[in-house]
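The structure under discussion appears below in the form of structure tokens.
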Amino acid sequence: MNWLEKSFRKKPLPRSFYQRPTLEVAKELLGKGLFVKNRSGSFLCRIVEVEAYLAEDDPASHSFRGPTPRNAPMFCEGGTAYVYFTYGMHFCMNVVTEPSGKGAAVLFRAAEPLLGIKEMQKNRKLKGESPLKNLCSGPAKLTQALGINLKDNKRTFFRPELKLIDLRQDLSDSQIGSTPRIGISKGTELPFRFIIKDSPWISKHVFRKHTR
DNA sequence: GCTAGGATGCTCT
DNA sequence: GAGCATCCTAGCC
3 MNWLEKSFRK KPLPRSFYQR PTLEVAKELL GKGLFVKNRS GSFLCRIVEV
53 EAYLAEDDPA SHSFRGPTPR NAPMFCEGGT AYVYFTYGMH FCMNVVTEPS
103 GKGAAVLFRA AEPLLGIKEM QKNRKLKGES PLKNLCSGPA KLTQALGINL
153 KDNKRTFFRP ELKLIDLRQD LSDSQIGSTP RIGISKGTEL PFRFIIKDSP
203 WISKHVFRKH TR
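Below, the structure is given as structure tokens:
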């Protein structure tokens with residue numbers, strides 16, 4: 003059995019994984035496998051960069067001002083997908099954390115492509131030759147590569163065609179770095195972006211003293 | 001190598 | 001009407 007067949011059969015991470023403090027979940031999502039199957043193909047990638055958006059005291063979080071039609075999925079139970087449309091052309095995907103009603107989530111920012119790379123390249127619609135590093139190194143690049151859009155909003159990650167799986171590549175604390183989040187104007191001091199420090203697949207290298 | 005600017009439309013005030 | 005959890009390209013070192 004090859005890797006793809008194995009990941010097809012792997013059990014999703016349980017709901018209890020997500021129903022914990024958001025910062026904990028965010029760190030532990032690093033190194034996990036994101037499996038997606040849809041019209042454009044079957045994909046597996048390894049998460050290398052995420053950002054946490056908390057339920058309370060986090061002005062950058064979409065949930066900061068309470069529920070609205072757009073952010074409603076953030077108030078669903080842990081393990082739900084929150085996909086939104088931004089800048090008039092891009093989608094970003096989060097997984098909801100904590101018990102339902104809280105309003106917290108973790109944004110997937112970058113991943114290492116493992117399977118379905120040709121289809122990812124097609125989905126990205128890049129002209130000419132482009133390095134593999136450019137496939138999933140940003141939240142909107144990732145959703146485009148995997149063919150994620152609003153139809154995935156409010157789905158859960160406990161499905162055969164949309165799930166997060168354990169790749170058995172646990173990381174030590176020393177391999178994880180934290181930096182301020184990217185592309186926001188409020189809450190910029192909070193170090194809630196988590197990366198696999200030496201991964202070449204992350205979106206941006208932010209130069210900072212305290213990337214531990 | 002880097003930066004500035006434009007694309008583009010939904011969401012909430 | 002402003003702002004947006006972005007990306008790509010052109011133009012400039």
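In the numbering used here, the protein residues as written are 3 to 214. In this text, a Cβ means the ideal position worked out from N, Cα and C, and glycines have one as well.
- The shortest CA-to-CA distance from S180 to any of F196, C138, Q171, V98 is the one to F196.
- Look at M76 here: in three-state DSSP terms it is helix.
- According to the DSSP assignment, E114 belongs to the beta strand (DSSP E) that extends over 106 to 117.
- Partner residues in the beta bridge of R161, as assigned by DSSP, are L164.
- The beta carbon of Q177 lies closer than 7 Å to those of I198, K199 in the same chain, with the five residues before and after it left out.
- By the Cβ-count criterion, K127 is exposed, with fewer than 16 other Cβ atoms from all chains shown falling within 10 Å of its own Cβ.
- The alpha carbon of L46 has as its nearest neighbour, out of G149, D172, G80, the alpha carbon of G149.
- In the DSSP assignment, A83 falls within the beta strand (DSSP E) that extends over 83 to 88.
- When secondary structure is reduced to three states using DSSP, M95 falls in the strand class.
- Annotation for L25: the continuous alpha helix (DSSP H) segment containing it runs 24 to 31.
- By the Cβ criterion, the stretch 132 to 152 is in contact with the stretch 101 to 111, since at least three pairs of Cβ atoms, one from each stretch, lie closer than 8 Å.
- As computed with DSSP, A142 is found in no beta bridge at all.
- Counting the other CB atoms within 10 Å of its CB gives E53 a total of 16 or more, which places it among the buried residues.
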